[in-house]
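The numbers in the working numbering rise by one with no breaks, and the one at position 36 of the sequence shown is 36.
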Amino acid sequence: MTSKTSRTYDSADHVAAETHPGQLPWTFAYGTVGSNADVGDGRVLSAPARPCRWARR
């Protein structure tokens, strides 16, 4: 049995979503941070905070 992680990409080739077998997908939002135009729009602005399924409770 092979488990694979899948990824989807946005039009700028940023990872838009990543799904690991048996887990909910991670979704990412990108944009510009601050007013420095040299930085570009490739900064991760949001990503979900999810506990590992094997984390101690």
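All residues carry an ideal CB built from backbone N, CA and C; glycine is no exception. None of the values given here were measured: they were computed from a predicted structure.
Among the candidates the options, whose CA atom is the shortest distance from the CA of residue i?
{"i": "K4", "options": "T32, G31 and P25", "result": "P25"}
{"i": "G90", "options": "R43, Q23 and G22", "result": "Because the chain spans 1 through 57 in this model, residue 90 falls outside it and cannot be assessed."}
From the DSSP output, in three-state form, read off residue i for me.
{"i": "T5", "result": "coil"}
{"i": "A12", "result": "coil"}
{"i": "V44", "result": "strand"}
{"i": "T19", "result": "strand"}
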